[in-house]
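A.B. asks: One structure follows; several queries about it will come next.
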Amino acid sequence: MSVPEPFALGQHIGGQWGPPRDDLQRTDPARPAEVVSSCPQASDLEVDAAVAAAHGAEGRWRTLTALDRGAVLHAVADLTVQRAEELVEPMVREAGKLVEDARGEVSRAVQTLRYNAELGRGAAGEIYVSSDPAEEVRTLRVPLGVVALVTPWNFPLAIPVWKLAPALIHGNTVVWKPAPESPASSAAFMRILEDAGLPAGVCNLIFGDAAVGRRLVAAPEVAAVSFTGSAAAGDDVAATAGARRARYQLECGGHNPALVCSDADLDLAARRIAAGAMFAAGQKCTATRRAILASDVYEPLLERLIDQVSKLRVGEPTDPDVDLGPLISREARDRALDSIAQATDAGAELLAGGHALDDVSLHGGHYLAPTVLQVEDPDAVALCREEVFGPVLAVLRADDDDQAVALANATDYGLAATVFTRDARRIRRMLADIEAGVIHINGPTTGAELHVPFGGVKRSGSAAWREQGEAARDFYTQQRTAYLHHGELPT
Ligand code: UN1
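With the sequence shown counted from 1, adding 29 to any position gets you the numbering used here.
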């Protein structure tokens, strides 16, 4: 079989594509011998040029009506539908996404674009009465200016679009730095933005590692930063952006628990926990990391869960019969294996997986068997607190609801959680007491509707700001209050 050509990528600054460079190279996580893409690592001058281009484009973009900006977003959505496979191919090759998942991501991006495109028709502000009868008070929303979007590789299209679409409809201009693992997916979407008629400089694409991100976040013209990635990198963004009073929004992963109560539908719980923990090879911030099972249902649930997990098929992302593809890199898989080894050394019992898959038919891809560990003493086992970004689930036992909630909250993170129960009082209690930004009842911990708020608490988020839906408007605009004195009324 012939090896597909690598993507030779340049950056997009001020409406111009720069020349391809091979400062950074990306290999296929399913076929590490194959180079997928090469791209520049932005120099300081290039970061500054991208910020300057976005700054220069502000006036023109913000003075279009929101309806006109919406028309551009609809045009982007149309082209995204037409050219879906241009986006799917790099997502599969560089991020190891299953073809079906990559197509799902394209649909989600299209819906997000269309939803935001229509926001141009929403209310532009509010009117209040004044204490002076000759005056009225209005609030209006103004764009922030240049926003920096720093996005992850695990949703190379959906997450950038859920930041980009609201940023643009509300009149901001953008510098986008995707993760170095998925530059070709970003470049493919940048071409669509350009071809759909987004004016030059309104979205600029630069590549590179954390050093590039740091310079971007530190740039004085960058009014806000929206970041999805690791908690450690999020700390950096908070320090740099916070120090100069720029607005920032963080989405930094999670350690998401699934609580199974004694009255739960066990078949449903087992299916959804397996899916939440293992699909996308566990590489979602919302993936289920811990299953906390009520003692009364511990054995029957565990049996069903292992049954579900053992049915999962691991293999090449282009194989339509596969449930899980590879991890993003060899390092990621080695880290997961180290964490599993630490857990078993500390007394955890391996119930499924726990090893790399290295069958020759897998071409040396970074596969990890879906792994389930039974943990008696979570305090001794680091992966019960620390996020392992892979298909690794810890199973814990709780004697009652109080202990289950205490265990659920025994982590620095607080992104998503789920509770399996049919009891209305339990649901009320869990919704109140579990520390998470997103709580599902009888669902997987994963998944996010594009028109509702999304974000975490504690180390998962940044306290003040949610993403998506109306919450995104709050983040990407500033309220302005206008007192309009109309002169004395005729008597
Ligand atoms: C989802 O569960 O579909 O990076 C959304 C992530 C999250 C988004 C998850 N920011 O995994």
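All residues carry an ideal CB built from backbone N, CA and C; glycine is no exception.
Should residue 476 be counted as a contact of the ligand UN1 given a C-beta to heavy atom distance under 8 Å?
C.D. replies: Under cutoff, so the answer is yes.
A.B. asks: By the DSSP assignment, the beta strand (DSSP E) with residue 504 in it spans what residues?
C.D. replies: Unbroken run through residue 504 is the alpha helix (DSSP H), 498-505; no beta strand (DSSP E).
A.B. asks: Taking the straight line between their C-alpha atoms, what separation do you get for residue 458 and residue 440?
C.D. replies: Residue 458 and residue 440: Cα-Cα distance of roughly 19 Å.
A.B. asks: Would you list the residues sitting across from residue 145 in a DSSP beta bridge?
C.D. replies: None, per the DSSP bridge assignment.
A.B. asks: For the beta strand (DSSP E) holding residue 165, just list the boundary residues, first then last.
C.D. replies: Element bounds for residue 165: 164-172.
A.B. asks: Looking at residue 192 and the ligand UN1, is the gap between the Cβ and the nearest heavy atom below 8 Å?
C.D. replies: For the ligand UN1, not one heavy atom lies less than 8 Å from the Cβ of residue 192.
A.B. asks: Please go through the stretch 41-100 and give each complete beta strand (DSSP E) segment of 3 or more residues, from N-terminal end onward.
C.D. replies: Taking only runs of at least 3 residues, the beta strand (DSSP E) segments lying wholly in the stretch 41-100 are 53-57 and 60-68.
A.B. asks: With a threshold of 16 other CB atoms inside 10 Å of the CB of residue 57, please say whether the residue is buried or exposed.
C.D. replies: Counting Cβ neighbours within 10 Å, residue 57 comes out buried, since at least 16 surround it.
A.B. asks: DSSP on residue 189, reduced to helix/strand/coil?
C.D. replies: Here residue 189 sits in helix by DSSP.
A.B. asks: Given residue 450, which residues of its chain have a CB within under 6 Å of its CB, disregarding the five upstream and five downstream residues?
C.D. replies: The answer, listed in chain order, is 290, 292 and 293.
A.B. asks: Quick check on residue 389: buried or exposed, where buried means 16 or more other Cβ atoms within 10 Å of its Cβ?
C.D. replies: Exposed, by the Cβ-count rule.
A.B. asks: With residue 40 and residue 81 assumed to form a contact (beta carbons below 8 Å), what rounded beta-carbon distance in angstroms separates them?
C.D. replies: 14 Å between Cβ atoms; not a contact.
A.B. asks: Following a CB-centred definition, is residue 256 positioned closer than 8 Å to any heavy atom of the ligand UN1?
C.D. replies: Residue 256: no, Cβ never under 8 Å from the ligand UN1.
A.B. asks: Quick one: does the C-beta of residue 313 sit closer than 8 Å to a heavy atom of the ligand UN1?
C.D. replies: Indeed, a heavy atom of the ligand UN1 lies less than 8 Å from the Cβ.
A.B. asks: Do the CB positions of residue 141 and residue 194 come within less than 9 Å of each other?
C.D. replies: Closer than 9 Å, so yes.
A.B. asks: Our contact map puts residue 203 next to residue 246 with C-beta atoms below 8 Å; I'd like the distance itself, whole angstroms only.
C.D. replies: Residue 203 to residue 246, Cβ: 14 Å. No contact.
A.B. asks: When we look at the beta-carbon of residue 312 and count the other beta-carbons within 10 Å, is it buried (16 or more) or exposed?
C.D. replies: Counting Cβ neighbours within 10 Å, residue 312 comes out buried, since at least 16 surround it.
A.B. asks: Put residue 397 into one of helix, strand or coil per three-state DSSP.
C.D. replies: In the structure shown, residue 397 sits in a strand (DSSP, three-state: E or B).
A.B. asks: I need the DSSP call for residue 468, collapsed to helix, strand or coil.
C.D. replies: In this structure, residue 468 counts as strand in the three-state DSSP scheme.
A.B. asks: Considering only the beta carbon of each residue, do residue 229 and residue 45 sit closer than 9 Å?
C.D. replies: Yes.
A.B. asks: Please work out which residues of its chain come closer than 7 Å, Cβ to Cβ, to residue 163, disregarding the five sequence neighbours upstream and downstream, and give them in chain order.
C.D. replies: The answer, listed in chain order, is 514, 515, 516, 517 and 518.
A.B. asks: Mapping DSSP to helix, strand and coil, what is residue 286?
C.D. replies: Residue 286 falls in the strand class under three-state DSSP.
A.B. asks: Could you pull out every residue in the same chain whose Cβ sits closer than 8 Å to the Cβ of residue 305, ignoring the five residues on either side in sequence?
C.D. replies: These residues qualify, in order along the chain: 285, 287, 315, 316, 317, 447, 473, 474 and 475.
A.B. asks: Look at residue 200 and residue 333 and say whether their C-beta atoms are less than 9 Å apart.
C.D. replies: No.
A.B. asks: In terms of alpha-carbon separation, which member of 270, 216 and 283 lies closest to residue 260?
C.D. replies: With distances taken between Cα atoms, residue 260 lies closest to 283.
A.B. asks: Would you mind sorting residue 495 into buried or exposed? The rule is 16 or more other CB atoms within 10 Å of its CB.
C.D. replies: So residue 495 ends up on the buried side.
A.B. asks: With respect to the alpha helix (DSSP H) encompassing residue 329, which residues constitute its N-terminal and C-terminal limits?
C.D. replies: Taken as a continuous stretch (DSSP letters only), the alpha helix (DSSP H) holding residue 329 covers 327-339.
A.B. asks: Are the CB atoms of residue 185 and residue 319 nearer to each other than 9 Å?
C.D. replies: For residue 185 and residue 319, no; Cβs fall outside 9 Å.
A.B. asks: Can you give me the Cβ contacts of residue 181 inside the same chain, cut-off strictly under 7 Å, excluding the 5 residues immediately before and after it?
C.D. replies: Closer than 7 Å at Cβ, skipping near neighbours: 188, 208, 257 and 258.
A.B. asks: For the ligand UN1, I want to know if residue 181 counts as a neighbour, meaning its beta carbon is within less than 8 Å of at least one of the ligand's heavy atoms.
C.D. replies: Residue 181 Cβ: within cutoff of the ligand UN1.
A.B. asks: Does the beta-carbon of residue 168 have 16 or more other beta-carbons within 10 angstroms, so that it is buried, or is it exposed?
C.D. replies: Exposed is the call here.
A.B. asks: Could you tell me which residues DSSP puts in a beta bridge with residue 126?
C.D. replies: Looking at the DSSP assignment, residue 126 forms no beta bridge with any residue, so it has no partner.
A.B. asks: Checking the sheet assignment: what are the DSSP bridge partners for residue 321?
C.D. replies: DSSP output for residue 321 lists 288 and 425 as bridge partner(s).
A.B. asks: Which residues in the same chain as residue 265 place their Cβ atom closer than 7 Å to its Cβ, once the five residues preceding and following it in sequence are excluded?
C.D. replies: Excluding positions up to five away in sequence, the list reads 243.
A.B. asks: Is the Cβ-Cβ distance between residue 377 and residue 397 less than 9 Å?
C.D. replies: Not in contact: residue 377 and residue 397 (Cβ atoms no closer than 9 Å).
A.B. asks: Does the ligand UN1 have a heavy atom nearer than 8 Å to the CB of residue 280?
C.D. replies: Yes, the Cβ of residue 280 comes within 8 Å of a heavy atom of the ligand UN1.
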